[in-house]
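K.L.:
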Amino acid sequence: MRCIEVDRPVTWVALTGFMGVGKTRIGRELAKELMLHFVDLDRYIEREAGLTIPDIFRYLGEETFRKIEREAVAELVTKDMMVISLGGGTFVDDQNRDRLLKRGPVVALWASPETIYERVQRRPGKRPLLDTPDPLPRIKRLLAEREALYRQAPIHATSEGRSPKQTAEAIVAELWRWREAQGS
Numbered sequence: 003m004r005c006i007e008v009d010r011p012v013t014w015v016a017l018t019g020f021m022g023v024g025k026t027r028i029g030r031e032l033a034k035e036l037m038l039h040f041v042d043l044d045r046y047i048e049r050e051a052g053l054t055i056p057d058i059f060r061y062l063g064e065e066t067f068r069k070i071e072r073e074a075v076a077e078l079v080t081k082d083m084m085v086i087s088l089g090g091g092t093f094v095d096d097q098n099r100d101r102l103l104k105r106g107p108v109v110a111l112w113a114s115p116e117t118i119y120e121r122v123q124r125r126p127g128k129r130p131l132l133d134t135p136d137p138l139p140r141i142k143r144l145l146a147e148r149e150a151l152y153r154q155a156p157i158h159a160t161s162e163g164r165s166p167k168q169t170a171e172a173i174v175a176e177l178w179r180w181r182e183a184q185g186s
């Protein structure tokens with residue numbers, strides 16, 4: 003049986019951005035559009051560690067979580083045929099960002115702090131960094147702190163006012179432009 007060649011702009015892409023911008027939902031849609039495997043980094047880490055992300059933070063601490071996360075990124079950048087949805091802080095780490103940008107492309111997803119707040123409220127208890135009585139000010143502060151780092155991604159898309167499918171389609175168009183600019 004012959005393998006069918008699929009014309010796609012890339013065979014590997016990572017999605018970054020703040021929690022609640024839609025990386026997982028959009029990543030699944032993007033993987034369908036590109037006919038690639040989908041990997042949610044946080045779920046990958048949970049499977050490897052045998053603990054949930056909140057439990058890793060609670061029992062082992064953020065420093066241990068970030069070490070596990072760096073190991074996972076180092077492994078996943080060697081793979082192909084996948085869309086990876088990163089955790090909100092993954093791209094903030096210098097070592098991760100360097101590895102991901104070298105592997106590329108990386109797409110930064112954006113949404114307003116208010117939209118992020120509304121989305122994260124739907125899943126309380128799942129966001130250790132927002133374990134506070136009033137998360138909106140913390141969202142604004144963390145987003146402002148991370149913005150310059152997220153801006154280092156070569157491709158940007160908003161999830162504001164779009165369905166995950168619409169956002170994925172817009173990303174595919176950007177990936178074709180990115181590929182053309184790379185001379186591929």
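For the sequence shown, the numbering used here assigns the number 186 to the last residue and increments by one with no breaks.
Note that beta-carbon positions come from the ideal geometry of N, C-alpha and C, so glycine has one too.
Note that this is a predicted model, so its numbers are computed, not measured.
What separation, rounded to the nearest whole angstrom, lies between the Cα atoms of A74 and Y46?
P.N.:
In the sequence shown, the residue the question calls residue 74 occupies position 72. In the sequence shown, the residue the question calls residue 46 occupies position 44. Taking the straight line from one Cα to the other gives about 8 Å.
K.L.:
Taking its Cβ as the centre, do 16 or more other Cβ atoms sit within 10 Å of P139, making it buried, or is it exposed?
P.N.:
As a working mapping, residue 139 is identified with position 137 in the sequence shown. Classification for P139: exposed.
K.L.:
Assign V75 to one of three DSSP states: helix, strand, or coil.
P.N.:
As a first step, residue 75 is located in the sequence shown; it is residue number 73 there, counting from the start. Residue state, collapsed to three classes: helix.
K.L.:
Look at the Cβ atom of E162, then the Cβ atom of A113, and state whether they are nearer than 8 Å.
P.N.:
Mapped onto the sequence shown, residue 162 falls at position 160. Mapped onto the sequence shown, residue 113 falls at position 111. Yes; because the gap between Cβ atoms is below 8 Å, this pair is in contact.
K.L.:
Using the Cα positions of R72 and G89, report the straight-line distance between them to the nearest angstrom.
P.N.:
As a first step, residue 72 is located in the sequence shown; it is residue number 70 there, counting from the start. As a first step, residue 89 is located in the sequence shown; it is residue number 87 there, counting from the start. Going by the C-alpha atoms only, they are around 11 Å apart.
K.L.:
Hey, I173 and L62: beta-carbon distance below 8 Å or not?
P.N.:
Translated into the one-based positions of the sequence shown, residue 173 becomes position 171. Translated into the one-based positions of the sequence shown, residue 62 becomes position 60. Not a contact, by the Cβ cut-off of 8 Å.
K.L.:
Rounded to a whole number of angstroms, what is the C-alpha to C-alpha distance between L38 and L177?
P.N.:
Sequence index remark: in the sequence shown, residue 38 carries index 36 (1-based). Sequence index remark: in the sequence shown, residue 177 carries index 175 (1-based). Whole-angstrom Cα-Cα distance: 14 Å.
K.L.:
Relative to the C-alpha of V15, which residue among A51, M83, R153 and P137 is closest?
P.N.:
Locating residue 15 in the sequence shown gives position 13, where the first residue counts as 1. Per the Cα distances, M83.
K.L.:
Tell whether a beta-carbon distance below 8 Å holds between I28 and A150.
P.N.:
Numbered from its first residue, the sequence shown carries residue 28 at position 26. Numbered from its first residue, the sequence shown carries residue 150 at position 148. Not in contact: I28 and A150 (Cβ atoms no closer than 8 Å).
K.L.:
Hey, how far is the Cα of Q123 from the Cα of E77?
P.N.:
Counting from 1 along the sequence shown, the entry for residue 123 is found at position 121. Counting from 1 along the sequence shown, the entry for residue 77 is found at position 75. Cα to Cα, Q123 sits roughly 32 Å from E77.
K.L.:
For S87 versus K142, is the C-beta distance shorter than 8 Å?
P.N.:
As a first step, residue 87 must be located in the sequence shown, where it is residue number 85. As a first step, residue 142 must be located in the sequence shown, where it is residue number 140. No, the pair does not count as a contact, with Cβ atoms beyond the cut-off.
K.L.:
Is L88 helix, strand or coil when you go by DSSP?
P.N.:
In the sequence shown, the residue the question calls residue 88 occupies position 86. L88 falls in the coil class under three-state DSSP.
K.L.:
Return the first residue and the last residue of the beta strand (DSSP E) that K16 is part of.
P.N.:
The residue labelled residue 16 in the question sits at position 14 within the sequence shown. Correcting the residue type first, residue 16 is Ala in the shown sequence and not Lys. Here the beta strand (DSSP E) through A16 covers W14 to T18.
K.L.:
By a C-beta neighbour count over all protein chains shown, 10 Å radius and 16 as the cutoff for buried, is D42 buried or exposed?
P.N.:
Mapped onto the sequence shown, residue 42 falls at position 40. It counts as buried.
K.L.:
In this structure, does DSSP put L111 in helix, strand or coil?
P.N.:
As a working mapping, residue 111 is identified with position 109 in the sequence shown. In this structure, L111 counts as strand in the three-state DSSP scheme.
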